[in-house]
């Protein structure tokens, strides 16, 4: 049923259960897993470049390193299930890049994680997951993460 599954990850706790779910589906269907991390261009363009992100030099570089670590973590988890992973790091608007990648790679399913945010957060910033669900032409599975 699924030959190519896209996991969009941000490396946070909200992506952990989605990663497990995507790996399980890829294993079950003997599918290729596409792991995608988006360096949000709005985040690094809002800074002068002198700041540090998680003790890394410069916001863009720091976000790229965080993305590489997140992608590597997905591949590491998938190895135990004999699931092949294509790692991709892109720059741009996360929701747009996820939908574009899904179309370009002709994936059969998009898997995203989400966690509960305060209502003020959602009304101010919105949600990448909400936007992908609305814009994607592909089926989307949203895996909720319980944060204790």
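Residue numbers (the UniProt record's numbering): 1 to 148.
By construction, the Cβ of each residue, glycine as well, lies at the ideal position given by its N, Cα and C atoms.
Computed from a predicted model, the values in this text were never measured in an experiment.
In whole angstroms, what is the alpha-carbon distance linking residue i and residue j?
i           : j           : result
residue 105 : residue 8   : 13 Å
residue 36  : residue 65  : 14 Å
residue 21  : residue 62  : 27 Å
residue 132 : residue 31  : 22 Å
residue 94  : residue 129 : 9 Å
residue 5   : residue 15  : 15 Å
residue 141 : residue 87  : 19 Å
residue 80  : residue 115 : 26 Å
residue 97  : residue 27  : 25 Å
residue 3   : residue 103 : 14 Å
residue 41  : residue 25  : 30 Å
residue 13  : residue 19  : 10 Å
residue 127 : residue 89  : 20 Å
residue 67  : residue 137 : 25 Å
Within its chain, find whatever has a CB closer than 7 Å to the CB of residue i; leave out the 5 residues flanking it on each side and keep chain order.
i          : result
residue 85 : 33, 35, 74, 75 and 78
residue 17 : 113, 143 and 145
Could you give the residue range of the alpha helix (DSSP H) that holds residue i?
i           : result
residue 95  : 94–104
residue 131 : 128–135
Helix, strand or coil for residue i, going by three-state DSSP, please let me know.
i           : result
residue 65  : helix
residue 10  : coil
residue 40  : strand
residue 91  : strand
residue 113 : strand
residue 4   : strand
residue 125 : Because residue 125 carries a pLDDT of 44, less than 50, the predicted location of this residue cannot be relied on, and the following value inherits that uncertainty. Here residue 125 sits in helix by DSSP.
residue 74  : helix
residue 31  : coil
Do residue j and residue i have their beta-carbon atoms positioned less than 8 Å apart in this structure?
i          : j          : result
residue 83 : residue 23 : yes
residue 99 : residue 71 : no
residue 69 : residue 11 : yes
What does a CB cutoff of less than 8 Å around residue i pick up in its chain, not counting 5 residues either side in sequence?
i           : result
residue 1   : 29 and 108
residue 139 : 108, 109 and 110
How far does the beta strand (DSSP E) with residue i in it reach, from first residue to last?
i           : result
residue 144 : 140–145
Just to confirm my understanding: we take residue i, look at its own chain, exclude 5 residues before and 5 after, and list those with CB closer than 6 Å. What are they?
i           : result
residue 101 : 36
residue 91  : 39 and 41
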